[in-house]
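Novice: Numbering (the working numbering), first residue to last: 154 to 895.
Just so you know, even glycine gets a beta-carbon here, dropped at the ideal spot from N, CA and C.
#1: Restricting to Cα atoms, I'd like to know which of 552, 557, 573, 569 is closest to residue 522.
#2: Measuring straight from C-alpha to C-alpha, what distance separates residue 895 and residue 789?
#3: Report the three-state DSSP secondary structure of residue 540 (helix, strand or coil).
#4: What is the residue span of the beta strand (DSSP E) that residue 508 lies within?
#5: Do the stretch 230 to 248 and the stretch 445 to 456 touch if we need at least three Cβ pairs shorter than 8 Å?
#6: Once you ignore the five residues that flank residue 884 on each side, which residues in its own chain have a CB closer than 7 Å to its CB?
#7: Measuring only the C-alpha atoms, how far is residue 795 from residue 783?
#8: Give the DSSP-derived three-state secondary structure of residue 754 in the structure shown.
#9: Could you tell me which of 837, 261, 472, 294 sits nearest to residue 776, measuring between CA atoms?
#10: Using CA atoms only, rank isn't needed, just tell me which of 293, 216, 300, 302 is closest to residue 340.
#11: Rounded to whole angstroms, how far is the Cβ of residue 413 from the Cβ of residue 377, which I believe are closer than 8 Å?
#12: Check whether the Cβ atoms of residue 726 and residue 811 sit closer than 8 Å, and answer yes or no.
#13: Distance check for residue 333 and residue 772, CA to CA, integer angstroms please.
#14: Looking at the strands, I want to know which residues DSSP matches up with residue 264.
#15: For residue 475, does the three-state DSSP call read helix, strand or coil?
#16: Return no unless some Cβ of chain D is closer than 8 Å to the Cβ of residue 656.
#17: Spatial neighbours of residue 729 within its chain, please: CB distance less than 6 Å, with the 5 preceding and 5 following residues excluded, ordered by chain position.
#18: Buried or exposed: where does residue 721 fall if 16 or more other Cβ atoms within 10 Å of its Cβ makes it buried?
#19: On a CA-only basis, which of 891, 666, 614 is nearest residue 774? Give me that one, please.
#20: Along the chain, where does the beta strand (DSSP E) containing residue 577 start, and where does it finish?
#21: Can you give the Cα-Cα distance for residue 171 and residue 187, rounded to whole angstroms?
#22: By Cβ distance below 8 Å, which residues in the same chain neighbour residue 851 in space, the five residues on each side in sequence not counted?
#23: I'd like the list of long-range same chain contacts for residue 690, defined as Cβ closer than 6 Å, with 5 residues on each side in sequence excluded.
#24: With three or more C-beta pairs closer than 8 Å as the rule, is the stretch 303 to 313 touching the stretch 259 to 269?
#25: Based on DSSP bridge pairs, tell me the residues matched to residue 718.
#26: Is the beta carbon of residue 509 closer than 8 Å to that of residue 527?
#27: What's the call for residue 408, buried or exposed, on a 16-neighbour Cβ count within 10 Å?
#28: Under DSSP, the beta strand (DSSP E) around residue 650 begins and ends at which residues?
#29: Mind checking whether residue 357 and residue 370 have CB atoms under 8 Å apart?
#30: Go ahead and label residue 882 buried or exposed: buried means 16 or more other beta carbons lie within 10 angstroms of its beta carbon, across all protein chains shown.
#31: Taking the runs of the beta strand (DSSP E) that are 3 residues or longer, which of them lie wholly in the stretch 312 to 377?
#32: In terms of residues, what are the limits of the beta strand (DSSP E) holding residue 569?
#33: Could you please give the first and the last residue of the uninterrupted beta strand (DSSP E) stretch that includes residue 665?
#34: What is the C-beta distance between residue 586 and residue 519, in whole angstroms, given that I count them as a contact (C-beta under 8 Å)?
#35: Taking all protein chains shown into account, do 16 or more other C-beta atoms lie within 10 angstroms of the C-beta of residue 703, making it buried, or fewer, making it exposed?
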C-alpha cells in the first residue's frame, strides 16, 4: 500500500450511472466506475464487457501490404528467413510467435535474439553482416528496428530483404524498407500494440493472403497475451481482445514451456489472469535477457520436449531469484549514492545516478523502485570503464522521451517512450547529462507533480463489499495498464483490529468499520505504517474489492491501495453562513417558518431509491463526489451544519461551496443563496419546512437526499433524483429535532 497519495475523484453523472444499472444490468459500483472512465453508452458498455471485440484490418498496419508479398515470396522460394527479436518478454514472445507462424506456413525460418551485453538493443549493422554471412536472405525484426537506418542501408547493400515490425516511437528518419508499425502515418485505428501484437497482426494478414488455416493464429495468441500484459501496453481495444483470447488459450495448457513455467511460478492455469502474467510469468521470462541471454526464454516458449521445458523453467526461476537479490542490492546502493550527492542534485526534480558494479540488465527495474521512493523521474546508469548503460523511469507528469531529446548532446544512444527509456552514455559525460536532465526536469515539473495520486472509480458503502459486486467488477478483466482494476473509496471509516502479518511484520491485516458494518482488509508492504493505521482517526480508505478462497470457502476482502485521514484543517466552505443559527444571526426571520402543508404533487418517500442499508455518509459522499452538487434535506439545519466541516466538506469534491436554507433564515437570505445556485455546483442543507415553502429550490439539483425523515406525511418536489438514507440514527435525530423545535 502506498502512502501519501492524493485521492482524485473524477465527476460521475449519476443519471448516466443509473442508466447503465438499468440497461446493462450491472452493479452501481461498476456503473460508477465505467462512467468515470468515459463509458456512458449502454450498447458500447455491453460490447466492452461481454464481447472480445473485432480485430482491425492488418493491411492498414504501416507497410503490411508491402511486407506480406515479400514474405510470401520468401516462403515460396524457400529463402532463409531470420526473425530478429529483442531480449525482453515482448521481444521473446514476438520472436517465438513469428517463427512458429512462418514455419506453419512452410517457411524456412530461424530466430535470432541479440545479447543485451554484446550486440545491445536493436538491429545493428554488424548483426546484419553476420546474418548475411550465415545465409540469411530475409530478415524480419520484431519489437525493434524502427530506428535502424544504417542497418537497413547495409542490408540493402548486401542484397538482404529487410522487413521491420516495431511498436516503439519512430525517429525523425526511418529505415528504407517496409515498416509494419501501429503508429506509422496514423493510418491504423489502434496505435498501442506491443511488439508481439504487431507481429501477430502481420501474421494475420499473411495467413489470409496465403489462404491458410486461421488455427495458426489461435496457436500463438497465448504469446500475444503474455507480451501485451508484460510490456505494459494499454489493455484496451485490440490489446484487450487479444489478451482475453490468449489467457483463455493459456488456460487450455497447449504450450509445454509455459505449462512448466506456470508450475515453477506456482500459478494455477485454471484461474490465470493478468496479475499472474505481470507479476509471475513476465519477470521470469525477462530474467534471462536481463542477466544472461534471452535464448533460454525463447527456447522455453518454443520447446516440444517436456524434459527441456522443465529444465529451462527451473533455470528461469533461478535467474529470477538472482535478479531479485541483485535488484535489492542496487536499490540500497542507489539510495546511498543519492543521499551522498550534493544537495543541489538531491533537490533537483529529475535525478541521474551512476555507479560501477551495477548490473545493466537490472537498473531499469531499480529505477522504477527509486521513482516510487523519490517521486521524480530517475535514470540509473551502470558504469563499465569508459561507457555506461542506463535505464530511466518517469512519473505521470513528465515525458522522459522528450527530456532525453533535450539531453541528446551528452548521450551516445537513447530510445524509449514517455514513461521508460534506455540510454548509452560515456562515463565522462554522466555529470553533464545529470545537470542537463535536472535542469530540464526542474523547468518542466512543479512541486505538485511529485505527489502520487490515487484515482477513485467509485465511492461505496461496506454493504457493497460482496461476492456479487466483486464478481461484477471482474468483468473488466483482463485489467492492467489503460484498464486498471476498479479502485473504490470507503469514506470516513474507522480502522480496527490492526495487526502486523507476514515475515518481519511486513504487511497489515485489519478491519474497516463504518455505520454499515465491517470488512477485512489487507495492506501489503505497509508494516511501517502500523502506528498511523492504529491511531483511531477516521480515514478515507482506497481499496480494491477482491475475491479469495480461504479453507475451501470463497470470501471477499479489501486490498488497500492507500488510506488518508480526514482533513482537519480545511477552511470554512465558501458560501456557508459564518454565524450560528441563533439570536446572534443577523439574517433570522422575525418568527421561524411554521410547519408547512404537504405538496399536492411530488415524490413519495416510498418511491425514492432506498440506500439506508449503506449508511448516510457513504451515500452522501458518493453523490457529492459525482460533481454536480447535491441537496440534503434534514430536520434541523442548525444541528446538521457541522457535517459540512469534515467528511462532507465541499472542497473534497471540487464543489463551489455549501449553502444553508433553514426555517430560521429570512426570505432575503434564502433569495440571495438561491441566486448562488444558478452558478456552479453546491452542497445545500435545507430543512423540510423550507423546502416545502420553496419547492423551486429543488430544480437546481440533479441529486437530492432525504437524510432525516419529515415531521409528518410529506411529498418531495419533483426534479432531482431522490435517494433516502434516513436510517434508525437519523430517525432518532429527527424526533429529537422536532421535539426541540415544537
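Specialist: Quick look at the numbers:
#1: Here residue 522 corresponds to residue number 369 of the chain shown, with the count starting at 1. The residue with the shortest Cα to Cα distance from residue 522 is 573.
#2: Here residue 895 refers to the residue found at position 742 of the chain shown. Here residue 789 refers to the residue found at position 636 of the chain shown. Residue placement at residue 895 cannot be trusted, given a pLDDT of 39 that sits under 50; what the coordinates show is reported in the next sentence. The alpha-carbon atoms of residue 895 and residue 789 are separated by roughly 12 Å.
#3: As a working mapping, residue 540 is identified with position 387 in the chain shown. Assigned with DSSP and collapsed to three states, residue 540 falls in strand.
#4: Indexing the chain shown from 1 puts residue 508 at position 355. Counting along the chain, the beta strand (DSSP E) containing residue 508 begins and ends at 504 to 509.
#5: yes
#6: Residue mapping note: residue 884 aligns to position 731 of the chain shown, counting from 1. For residue 884, where only same-chain residues beyond five positions count, the Cβ hits under 7 Å are 862.
#7: Start at 1 with the first residue of the chain shown, and residue 795 comes out as number 642. Start at 1 with the first residue of the chain shown, and residue 783 comes out as number 630. Approximately 16 Å, taken between the alpha carbons.
#8: The residue you call residue 754 lines up with position 601 of the chain shown. Residue 754: coil per DSSP, three-state reduction.
#9: Looking up residue 776 in the chain shown gives position 623. Among 837, 261, 472, 294, the Cα nearest to that of residue 776 belongs to 837.
#10: As a first step, residue 340 is located in the chain shown; it is residue number 187 there, counting from the start. Nearest option by C-alpha distance: 216.
#11: Taking the first residue of the chain shown as 1, we reach residue 413 at position 260. Taking the first residue of the chain shown as 1, we reach residue 377 at position 224. With 8 Å as the limit, residue 413 and residue 377 do not qualify as a contact, their Cβ atoms being about 20 Å apart.
#12: Taking the chain shown and counting its residues from 1, one reaches residue 726 at position 573. Taking the chain shown and counting its residues from 1, one reaches residue 811 at position 658. Using a Cβ distance threshold of 8 Å, residue 726 and residue 811 count as a contacting pair.
#13: For the purposes of this step, residue 772 is taken as residue 619 along the chain shown, with counting starting at 1. For the purposes of this step, residue 333 is taken as residue 180 along the chain shown, with counting starting at 1. Linking residue 772 to residue 333 through their CA atoms gives a straight-line distance of about 51 Å.
#14: Against the chain shown, residue 264 aligns to sequence position 111. Bridge partners of residue 264: 236.
#15: If you number the chain shown from 1, residue 475 lands on position 322. Note: residue 475 maps to helix in three-state DSSP.
#16: Of the chains in the structure shown, none is chain D; there is only one protein chain.
#17: The residue given as residue 729 occupies position 576 in the chain shown. Around residue 729: 811.
#18: Position 568 of the chain shown, counted from the first residue, corresponds to residue 721. So residue 721 ends up on the exposed side.
#19: Residue 774 sits at position 621 when you count from the first residue of the chain shown. Out of 891, 666, 614, 614 has the C-alpha closest to the C-alpha of residue 774.
#20: Against the chain shown, residue 577 aligns to sequence position 424. Start and end: 573 to 579.
#21: By one-based count along the chain shown, residue 171 stands at place 18. By one-based count along the chain shown, residue 187 stands at place 34. Their backbone Cα atoms lie some 11 Å apart in a straight line.
#22: Here residue 851 is taken as the residue at index 698 of the chain shown, counted from 1. So the qualifying residues of the chain are 784, 844, 857, 869, 870, 871, 872, 873.
#23: Numbered from its first residue, the chain shown carries residue 690 at position 537. Closer than 6 Å at Cβ, skipping near neighbours: 718.
#24: no
#25: Reading the chain shown from its first residue, position 565 is the one you call residue 718. In the DSSP output, where bridge partners are listed per residue, residue 718 has 692.
#26: Here residue 527 refers to the residue found at position 374 of the chain shown. Here residue 509 refers to the residue found at position 356 of the chain shown. No; because the gap between Cβ atoms is not below 8 Å, this pair is not in contact.
#27: Against the chain shown, residue 408 aligns to sequence position 255. Around the beta carbon of residue 408, 16 or more other beta carbons lie within 10 angstroms, which makes this residue buried.
#28: For the purposes of this step, residue 650 is taken as the residue at position 497 of the chain shown. From DSSP, the beta strand (DSSP E) with residue 650 extends over 641 to 654.
#29: Here the question's residue 357 lines up with position 204 in the chain shown. Here the question's residue 370 lines up with position 217 in the chain shown. Taking a C-beta distance under 8 Å as the contact criterion, residue 357 and residue 370 qualify as a contact pair.
#30: Taking the chain shown and counting its residues from 1, the one referred to as residue 882 is at position 729. That one is exposed.
#31: 314 to 318
#32: Locating residue 569 in the chain shown gives position 416, counting from the first residue. Segment 566 to 569, the beta strand (DSSP E) holding residue 569.
#33: In the chain shown, residue 665 corresponds to position 512, counting from 1. For residue 665, the enclosing beta strand (DSSP E) has its first and last residue at 660 to 667.
#34: As a working mapping, residue 586 is identified with position 433 in the chain shown. As a working mapping, residue 519 is identified with position 366 in the chain shown. Incorrect: roughly 18 Å between the Cβ atoms, too far for contact.
#35: To locate residue 703, count along the chain shown from 1; it is residue 550. Residue 703 should be labelled exposed.
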